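Report on one structure; see the data block that follows.
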């Protein structure tokens, strides 16, 4: 698949980022100044925001870039089925936003029936992931050797499929009328945490190494299987501490700590290619390092249970998904779209870094509220005012991608037009 073939899907992913970031900004200002009367279901809107970030922004962009780099490794044009899969994934990802906006994971009355629209949307998104995994396995089977990025994608997709079991479990609980806080939390975090920490991180590392491998020699040995296996049980740390038995906590915490150490191994190797990285990529790597450090902090006795009563989980989530995943992925998408020569790009990168940095500091302050000399309301409002920068950058990159796409279409049309003698 050539670069221009993935451009439409990257544009859809950027559009999803714009909508999701705008919704996140709306929620942040609602926390700081109060939600409007027409938007009282804060939890449902939060689910719409987070799932569009998961399904529409990160997953769609990851898949598009994986197809691009895989085509380079195989030397084969990807089949039409790939385009059908990406169209279905794009459609279902965007559809998840209104499905969750109405009532989140709850039941919505439609005529004489009550339907869990959010859970149904998650399930249908999951079907497209299985389709993607099947196509990926078929196309990657043409490789005689599986380079480091492909090995990482192999395990990332396995974690993606494993996480989809959480979505199916949530649907099954609703359908069967099962009321169990432990299983509800377990299925939810199997889905959300293994999806975010496992699929996103491992797949993005694969993309990072594929991109860097076009500019420098890749390391001979880096942990792939141990990293994926260590990440797998860590989702239990997202479950409320009161619901997790002590032995299960230690299994998850030790595995999570090991995953943090293995992440440091990748970071140390990435530092050898520092000269090739943009500042936005460097920022993402720095926050991946912070994520690894937090995995080690959880091993300290009592820290996890204490943090369960604070807002630190919100900080950890945004450090991973906004700081590491979105920053690095945005840099890779901009490079793939050929926006590197845009005069606005350096400014957009620094504005994004500033916005994310301010938000993370505010969220960290909220998590450590008992130790900082600021009120919760003040920090909520600081976090809110950081969001317009993120929305603006996402919108500018999306518009630049559309402009670039139109320019490419126009140039190809001109090139292919018959010339008058």
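Numbering (this note's numbering), first residue to last: 248 to 668. We put the beta carbon where it would ideally sit given N, CA and C, even for glycine. Source: prediction; values computed, not measured.
DSSP three-state assignment for residue i, whether helix, strand or coil
i	result
residue 355	strand
residue 362	strand
residue 460	helix
residue 519	coil
residue 621	coil
residue 664	At residue 664, the pLDDT of 44 sits below 50, so the modelled position is not reliable and the matter cannot be decided from this model.
residue 303	helix
residue 494	helix
residue 372	helix
residue 528	helix
residue 545	coil
residue 645	helix
residue 398	helix
residue 389	coil
residue 426	coil
residue 285	coil
residue 480	helix
residue 486	coil
residue 413	helix
residue 593	helix
residue 556	coil
residue 672	In the structure as shown, the chain starts at 248 and stops at 668, and residue 672 therefore has no counterpart that could be examined.
residue 324	coil
Buried or exposed (CB count within 10 angstroms, at least 16 for buried), residue i
i	result
residue 575	buried
residue 556	exposed
residue 248	Here the model assigns residue 248 a pLDDT of 43, short of 50, so the residue's position is not dependable and the matter cannot be decided.
residue 666	Its pLDDT being 42, under 50, residue 666 is placed unreliably by the model, and the measurement read from it follows with that caveat. So residue 666 ends up on the exposed side.
residue 442	buried
residue 275	buried
residue 287	exposed
residue 302	buried
residue 284	exposed
residue 422	exposed
residue 427	exposed
residue 396	buried
residue 310	buried
residue 262	buried
residue 519	exposed
residue 568	buried
residue 451	buried
residue 622	exposed
residue 662	At residue 662 the pLDDT is 45, less than 50, meaning the model places this residue with poor confidence; the figure from the coordinates comes in the next sentence. With fewer than 16 other Cβ atoms within 10 Å, it is exposed.
residue 609	buried
residue 650	exposed
residue 660	Note that residue 660 scores 46 on pLDDT, short of 50, meaning its location in the model is unreliable; the coordinates nonetheless yield the value given after this. Classification for residue 660: exposed.
residue 467	exposed
residue 646	exposed
residue 254	buried
residue 392	exposed
residue 359	exposed
residue 668	Caution is warranted here: a pLDDT of 29 is assigned to residue 668, below 50, making its placement in the model unreliable, and the coordinate value is therefore given only provisionally. The residue is exposed, with fewer than 16 neighbouring Cβ atoms inside 10 Å.
residue 438	buried
residue 290	exposed
residue 331	exposed
Beta-carbon proximity check, residue i vs residue j, cutoff 9 Å
i	j	result
residue 446	residue 407	yes
residue 394	residue 322	no
residue 400	residue 383	yes
residue 294	residue 373	no
residue 252	residue 297	no
residue 304	residue 260	yes
residue 354	residue 342	no
residue 271	residue 624	no
residue 448	residue 404	no
residue 336	residue 376	yes
residue 534	residue 570	yes
residue 565	residue 522	no
residue 444	residue 482	yes
residue 299	residue 347	yes
residue 490	residue 429	yes
residue 228	residue 417	Nothing about residue 228 can be read from this structure; the chain reaches only from 248 to 668.
residue 612	residue 626	yes
Assumed close pair residue i, residue j - CB separation to whole angstroms, cut-off 8 Å
i	j	result
residue 325	residue 386	6 Å
residue 602	residue 637	5 Å
residue 340	residue 317	No, residue 340 and residue 317 are not in contact; Cβ-Cβ is about 20 Å, not under 8 Å.
residue 578	residue 648	The pair is not a contact, with the Cβ atoms about 14 Å apart (cut-off 8 Å).
residue 517	residue 532	6 Å
residue 413	residue 435	6 Å
residue 600	residue 639	Wrong, their Cβ atoms sit about 13 Å apart, outside the cutoff.
residue 498	residue 480	6 Å
residue 511	residue 539	5 Å
residue 265	residue 641	5 Å
residue 544	residue 550	6 Å
residue 492	residue 552	Not quite, the Cβ-Cβ distance comes to about 13 Å (not below 8 Å), so this is no contact.
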